[in-house]
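S.K.: One structure, pasted below without further comment.
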Amino acid sequence: MATTADGHTLARSSRSPEVMAGAAVEIISRPSREATGNCYIHADVLHSAGIEDLSRYSGGDQPIPDLFLD
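All the letters of the sequence shown, read from the start, carry residue numbers 46 to 115 under my numbering.
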């Protein structure tokens, strides 16, 4: 795993793949008329499902922001 200039390992600041799996389960559990044609952000999906604490998916206190969302 690459290391950033300030010495933090990227793995410590990255969320686990399970965060995407959790969001996918929430999306495919919705009625198709509600879910089709939308663009989703995993954290928003989980929050709308009532999962506010994403710490179980690691990433530390300051997970690396997604490059595509900036």
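Glycine included, C-beta positions come from ideal geometry on N, C-alpha and C. Predicted model, so just to flag it, every value in this text is computed and none were measured.
(1) Fully enclosed by the stretch 56-80, which beta strand (DSSP E) runs are 3 residues long or longer?
(2) Name the two residues that bound the continuous alpha helix (DSSP H) containing ALA88.
(3) Does CYS84 have its Cβ less than 8 Å from a Cβ in chain B?
(4) Out of LEU91, PRO76, TYR85, point me to the one whose CA is closest to GLU63's CA.
(5) Which residue wins for smallest C-alpha separation from ILE96, given the options CYS84, ALA80, VAL70?
(6) Does the distance from the CB of ALA68 to the CB of TYR85 come in under 8 Å?
(7) Buried or exposed: which applies to ARG101, given that a residue is buried once 16 or more other Cβ atoms fall within 10 Å of its Cβ?
M.R.: The structure says:
(1) Listed in chain order, the beta strand (DSSP E) elements of length 3 or more contained wholly in the stretch 56-80 amount to none.
(2) It spans 87-93 - the alpha helix (DSSP H) in which ALA88 sits, taken as one unbroken run.
(3) No chain B is present in this structure, which holds just one protein chain.
(4) Ranking the options by Cα distance to GLU63, first place goes to LEU91.
(5) Considering only alpha carbons, the answer is VAL70.
(6) Closer than 8 Å, so yes.
(7) It counts as exposed.
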